[in-house]
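Below: the structure, in structure tokens.
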Amino acid sequence: MKAKFTLFLAFLGLCAFSSSADQMFTYDGKDIPDNATVVIKDNVGVSMVYLPIRNTDASTVTVKVSKLETEGDIVPTMCIDGSCLDVTTTPPLSIPANGTYENFDIQHIATGSEARTSTTIFNLLRGLATVRTLTVEYHYDLNGENSVTVVDAGSVEGLTADSYGVRLSGNTLYVNNVKAGQRVNVYAITGQAVASYVVAADGNAQFTTDLSKGLYIVSVAENGAAKFAGKVIAE
25 MKAKFTLFLA
35 FLGLCAFSSS
45 ADQMFTYDGK
55 DIPDNATVVI
65 KDNVGVSMVY
75 LPIRNTDAST
85 VTVKVSKLET
95 EGDIVPTMCI
105 DGSCLDVTTT
115 PPLSIPANGT
125 YENFDIQHIA
135 TGSEARTSTT
145 IFNLLRGLAT
155 VRTLTVEYHY
165 DLNGENSVTV
175 VDAGSVEGLT
185 ADSYGVRLSG
195 NTLYVNNVKA
205 GQRVNVYAIT
215 GQAVASYVVA
225 ADGNAQFTTD
235 LSKGLYIVSV
245 AENGAAKFAG
255 KVIAE
């Protein structure tokens, strides 16, 4: 009887592990480990990072903000299909069953010259049970860099995913850690597409541009799905 009970407990543990793995935040095509942190560094004041949610379970899951700490006027929002809501007032968002929800992204807006930070903790819930927790740290610094990095809470080294970065120097657009075949799209702040490039080889890429003065969004996409969006200023 004791052996049967032990086997039953093991079966329950296996079921719990399998079901939690069915719901994952992802970035750049990779699963984000539970309790990991996405570190966003922004030197412009407009940030948009796609974090597709995979839900291969037969039931709907929800995304809920459990904690928010923000300095100054930073406004974090979470968006589905381009519809964005302030995380301080957003009710839990439903993610449909059986598939990856590509169009989920986190956006931040900041203004002024003072460096500031915002931290938001997101939970994936199945019913009332939390199955995944993700921390998003946003660092705004006009003198800093522009990048996205995933830090695994269980890793001594810390970095566990590619760190993208974009910058514009003169007429040259630099994009870090891209892959051959990915497409780099440049959009005006109005949303109008102004340039598009295909990455020729893995690694860091650079492209010659002819951009008028202004703020531009640079998006890295693979097979039509956005992997990263950064900002550059043409002067």
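Just so you know, my numbering puts 208 at position 184 of the sequence shown, and the rest follows in order with no gaps.
Using N, Cα and C, we set each Cβ at its ideal position, and we do this for glycine too.
Item: From V263 to F128, what distance separates their C-alpha atoms?; Value: Nothing can be reported for residue 263: it is not among the residues displayed for the chain, which extend from 25 to 259.
Item: Around the C-beta of I254, are 16 or more other C-beta atoms found within 10 angstroms, so that it is buried, or is it exposed?; Value: Checking the sequence, you will find Gly at residue 254 rather than Ile. Buried, by the Cβ-count rule.
Item: Quick check on this structure: which residue in M72, L166 and A60 has the alpha carbon closest to the alpha carbon of T135?; Value: L166
Item: Rounding to the nearest angstrom, what Cα-Cα distance links D81 and D46 in this structure?; Value: 6 Å
Item: Which residue comes first and which comes last in the beta strand (DSSP E) that contains I241?; Value: G238 to E246
Item: State buried or exposed for T144, treating a residue as buried only when at least 16 other CB atoms are found within 10 Å of its CB.; Value: buried
Item: Decide if P116 is buried, meaning its Cβ has at least 16 other Cβ atoms within 10 Å, or exposed.; Value: exposed
Item: Taking 7 Å as the cut-off, decide whether the C-beta atoms of V256 and V242 are in contact.; Value: yes
Item: Hey, quick one: how far does the beta strand (DSSP E) through Q230 stretch, first residue to last?; Value: G227 to T232
Item: Whole angstroms is fine: what's the gap from Y51's alpha carbon to T232's?; Value: 28 Å
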